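Numbering (my numbering), first residue to last: 47 to 505.
Just so you know, even glycine gets a beta-carbon here, dropped at the ideal spot from N, CA and C.
It should be emphasised that the depicted structure is a prediction, and the values quoted were computed from it without experimental measurement.
A quick write-up on the structure given underneath.
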Amino acid sequence: MGSRPYRRRLAWSAAALLVAGVAVPATAAASGPDDTSDAPSLSAAHGTKQKAKNVILLIGDGMGDSEITLARDYTVGAAGRLNMDKFPMTGSYTTYSVDKNGKPDYVTDSAASGTGWATGQKTVNGRISKTPGTDKPMTTILELAQRNGLATGSVTTAELTDATPAVLASHATDRSCAGPADMKACPNDTIAKGGPGSIAEQSVNHKVDVLLGGGKARFDQKITEGRYKGLTVTEQAQKLGYQLVTDDKALKNARAGKPVLGLFAPGNVPVEWTGKAAAQGGTEPQRCVTGNPERKAGTPSLDEQTRKALQLLEAKQSGKGKKPGFFLQVEGASIDKRDHAADPCGQIGETAALDRAVKVARAYAAKHPDTLVVTTADHGHTSQIVPLEATPPGLSSTLVTNEGQQLKVNYSTNTPGQAQEHTGTQVRIAAQGPQAHRVLGVTDQTQLFGTIRTALSLR
Ligand SMILES: [Zn+2]
Numbered sequence: 047m048g049s050r051p052y053r054r055r056l057a058w059s060a061a062a063l064l065v066a067g068v069a070v071p072a073t074a075a076a077s078g079p080d081d082t083s084d085a086p087s088l089s090a091a092h093g094t095k096q097k098a099k100n101v102i103l104l105i106g107d108g109m110g111d112s113e114i115t116l117a118r119d120y121t122v123g124a125a126g127r128l129n130m131d132k133f134p135m136t137g138s139y140t141t142y143s144v145d146k147n148g149k150p151d152y153v154t155d156s157a158a159s160g161t162g163w164a165t166g167q168k169t170v171n172g173r174i175s176k177t178p179g180t181d182k183p184m185t186t187i188l189e190l191a192q193r194n195g196l197a198t199g200s201v202t203t204a205e206l207t208d209a210t211p212a213v214l215a216s217h218a219t220d221r222s223c224a225g226p227a228d229m230k231a232c233p234n235d236t237i238a239k240g241g242p243g244s245i246a247e248q249s250v251n252h253k254v255d256v257l258l259g260g261g262k263a264r265f266d267q268k269i270t271e272g273r274y275k276g277l278t279v280t281e282q283a284q285k286l287g288y289q290l291v292t293d294d295k296a297l298k299n300a301r302a303g304k305p306v307l308g309l310f311a312p313g314n315v316p317v318e319w320t321g322k323a324a325a326q327g328g329t330e331p332q333r334c335v336t337g338n339p340e341r342k343a344g345t346p347s348l349d350e351q352t353r354k355a356l357q358l359l360e361a362k363q364s365g366k367g368k369k370p371g372f373f374l375q376v377e378g379a380s381i382d383k384r385d386h387a388a389d390p391c392g393q394i395g396e397t398a399a400l401d402r403a404v405k406v407a408r409a410y411a412a413k414h415p416d417t418l419v420v421t422t423a424d425h426g427h428t429s430q431i432v433p434l435e436a437t438p439p440g441l442s443s444t445l446v447t448n449e450g451q452q453l454k455v456n457y458s459t460n461t462p463g464q465a466q467e468h469t470g471t472q473v474r475i476a477a478q479g480p481q482a483h484r485v486l487g488v489t490d491q492t493q494l495f496g497t498i499r500t501a502l503s504l505r
């Protein structure tokens with residue numbers, strides 16, 4: 047690396063920090079022992095000793111570079127910029143998982159990649175915050191935040207028991223063990239065997255302050271063993287003090303002081319946009335429909351949920367004897383799910399929905415500069431933008447973008463008729479606020495754990 051571009055980047059980044067209201071120390075601070083950066087002078091300029099009071103982590107499930115580009119091209123135009131494009135620090139991270147012997151598995155799923163950023167350790171695909179070979183629980187960043195007295199929250203457009211929220215507040219041999227009736231793949235996790243129970247039961251037992259998403263049907267399953275036998279998980283949550291909310295009005299009225307469980311759909315929250323799925327040989331040029339009849343009136347959007355979660359967490363942390371600060375995770379889950387289904391409009395609508403949540407997070411950080419905001423993905427996915435004249439195999443669709451141009455998207459990671467697959471590519475990680483410099487360069491998803499832990503000074 048030549049010194050000129052290096053210096054230019056350094057100066058620009060420091061300026062961006064000043065704009066964000068973060069003080070840049072005049073003297074160089076020494077790199078901490080857990081500072082993984084190979085450029086100590088760069089780290090020093092960004093203040094390795096800067097500490098965050100709050101962390102907001104936004105995960106676009108399956109949101110690789112092509113998913114971001116597709117959403118940008120369609121919504122704000124090729125020369126436009128999404129909210130997630132506006133972070134001062136941007137890098138890439140590797141996402142691979144491991145097999146039971148610890149050897150690389152080049153294509154991860156959300157459970158293993160989530161375990162990576164949530165615990166700092168890699169695991170096998172399908173596993174939730176447990177070790178690859180021996181299946182032992184590993185401490186998560188949310189558990190550490192709780193132990194240090196911080197308020198915690200998790201928001202998703204998927205079921206609340208889906209892999210990304212699950213890796214924060216549960217430990218399971220397999221991601222399928224969502225509710226008490228789903229324990230087949232987790233014989234050692236059952237309450238009868240002395241285990242912690244299903245992902246739903248563990249999530250409410252963890253007393254996460256704010257849990258918002260879908261998956262009401264899981265939480266309405268009956269518990270068959272242990273202390274809460276005969277109750278549903280929803281009833282268990284209420285016994286534990288949770289306020290249950292199921293629509294936007296109730297969410298709006300939810301008060302800080304008691305934890306909040308928001309369940310806004312029986313399964314995954316229906317997506318915001320619809321359109322024709324990609325097809326063999328392509329589709330007629332189409333405009334996406336910015337609405338979905340399956341989405342019930344009163345379903346809060348991801349940005350509304352994010353705004354409310356921030357309000358509740360901020361109120362919680364200002365309570366008597368509480369250590370100030372919070373950790374909040376926000377997931378745009380169905381970018382991945384619609385990519386699997388080769389549904390470009392569904393996918394773009396969900397990316398745009400996450401981007402509005404990013405806007406909410408950045409607006410909060412603008413008022414609270416001691417907030418680290420990170421936006422990233424857990425793995426890459428299928429969709430590729432190809433030339434209009436290309437006749438690729440697999441499934442294609444032509445879209446007419448908001449700037450009136452045609453754009454062709456192709457899905458070819460699996461045989462038509464089967465679900466499209468994740469890919470093993472590195473993905474974007476972008477950040478602002480204290481310790482944001484740690485996302486620069488090429489890192490690994492497990493290093494995000496250390497970034498958040500260092501930013502919040504978690505012990
Ligand atoms: Zn997926």
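Is any non-hydrogen atom of ligand 1 found closer than 8 Å to the C-beta of His468, if you look at the structure I gave you?
Yes.
Hey, how far is the Cα of Ser87 from the Cα of Asn100?
At Ser87, the pLDDT of 44 sits below 50, so the modelled position is not reliable; the number obtained from the coordinates is stated separately. Here the C-alpha atom of Ser87 lies approximately 25 Å from the C-alpha atom of Asn100.
Within its chain, find whatever has a CB closer than 7 Å to the CB of Leu504; leave out the 5 residues flanking it on each side and keep chain order.
Closer than 7 Å at Cβ, skipping near neighbours: Leu190, Ala191, Asn194.
Would Gly126 be called buried (16 or more neighbouring beta carbons within 10 Å of its own) or exposed?
By the beta-carbon neighbour count (other beta carbons within 10 angstroms, threshold 16), Gly126 is exposed.
Exposure of Arg474, with buried meaning 16 or more beta-carbon neighbours within 10 Å:
By the Cβ neighbour-count rule, Arg474 is buried, with 16 or more other Cβ atoms within 10 Å of its own.
For Thr202, the first and last residue of its enclosing beta strand (DSSP E):
In the DSSP assignment, Thr202 falls within the unbroken beta strand (DSSP E) covering 197-205.
Would you say the beta carbon of Asp151 comes nearer than 8 Å to a heavy atom of ligand 1?
No, the beta carbon of Asp151 sits no closer than 8 Å to any heavy atom of ligand 1.
By Cβ distance, which residues of its chain are closer than 7 Å to Ala398, with the 5 residues on each side in sequence left out?
Within the same chain, Ala398 has close Cβ partners Ala117, Thr121.
Is Gly522 near ligand 1, judged by its Cβ being under 8 Å from some heavy atom?
The shown model of the chain, from 47 to 505, leaves out residue 522, and the question about it has no answer.
According to DSSP, is Gln452 helix, strand or coil?
The three-state reading of DSSP puts Gln452 in strand, counting E and B together.
Separation of Ala387 from Thr184, as counted between CA atoms
The sequence given here places Met at residue 184; Thr does not occur at that position. Distance between the alpha carbons of Met184 and Ala387 is about 33 Å.
Would you say the beta carbon of His252 is closer than 8 Å to some non-hydrogen atom of ligand 2?
Ligands displayed in this structure: ligand 1; ligand 2 is not among them.
Identify the continuous alpha helix (DSSP H) that holds Val153 and give its terminal residues.
From DSSP, Val153 is part of no alpha helix (DSSP H); its letter is neither H nor E.
Based on the DSSP output, what are the partners of Glu435 in its beta bridges?
Beta-bridge pairing links Glu435 to no other residue.
Considering only their Cβ atoms, is the gap separating Thr469 from Gly199 smaller than 9 Å?
No, they are not a contact pair.
By the DSSP assignment, the alpha helix (DSSP H) with Tyr410 in it spans what residues?
Counting along the chain, the alpha helix (DSSP H) containing Tyr410 begins and ends at 390-413.
Closer than 8 Å: Gly378 CB and nearest ligand 1 heavy atom:
Of the heavy atoms belonging to ligand 1, none sits nearer than 8 Å to the Cβ of Gly378.
Given that a residue counts as buried once 16 or more other Cβ atoms are within 10 Å of its Cβ, and exposed if not, what is Ala465?
Under this definition Ala465 is an exposed residue.
Selection from Leu258, Val250, Phe265, Val254 that minimises the alpha carbon distance to Pro226:
Among Leu258, Val250, Phe265, Val254, the Cα nearest to that of Pro226 belongs to Phe265.
Report the rounded CA-to-CA distance for Ser222 versus Met229, giving the unit in angstroms.
Rounded to the nearest angstrom, the two C-alpha atoms are 8 Å apart.
Could you tell me the distance, in whole angstroms, from the CA atom of Ile174 to the CA atom of Ala164?
Each residue's alpha carbon lies about 10 Å from the other.
Closest by CA to Thr219, which one among Ala238, Val250, Lys176, Leu258?
Relative to the Cα of Thr219, the nearest Cα in the group Ala238, Val250, Lys176, Leu258 belongs to Lys176.
With contact counted as at least three CB pairs below 8 Å, one residue from each stretch, are the region 278-288 and the region 247-260 in contact?
As far as the Cβ criterion goes, the region 278-288 touches the region 247-260, which means the pair count is three or higher.
Quick one: does the C-beta of Asp155 sit closer than 8 Å to a heavy atom of ligand 1?
In this structure, Asp155 has its beta carbon less than 8 Å from a heavy atom of ligand 1.
Return yes when the Cβ of Arg341 is within less than 9 Å of the Cβ of Val317, no when it is not.
In contact: Val317 and Arg341 (Cβ atoms closer than 9 Å).
Looking at Gly106 and ligand 1, is the gap between the Cβ and the nearest heavy atom below 8 Å?
In this structure, the C-beta of Gly106 stays at least 8 Å away from each heavy atom of ligand 1.
Can you give me the start and stop residues for the beta strand (DSSP E) that Arg474 sits inside?
Residues 473-478.
Since Glu377 is in the beta strand (DSSP E), which residue starts that stretch and which ends it?
372-378 is the extent of the beta strand (DSSP E) around Glu377.
Where do the ends of the beta strand (DSSP E) carrying Val420 lie?
That run of the beta strand (DSSP E) goes 417-423.
As a quick exercise: from Asp490, Ala501, Ala325, pick the residue whose alpha carbon is nearest that of Lys168.
Taking Lys168 as reference, the option from Asp490, Ala501, Ala325 with the minimal CA-CA separation is Asp490.
On the DSSP bridge assignment, give the partners of Pro312 in chain order.
Note: Pro312 sits in no beta bridge, so no partner.
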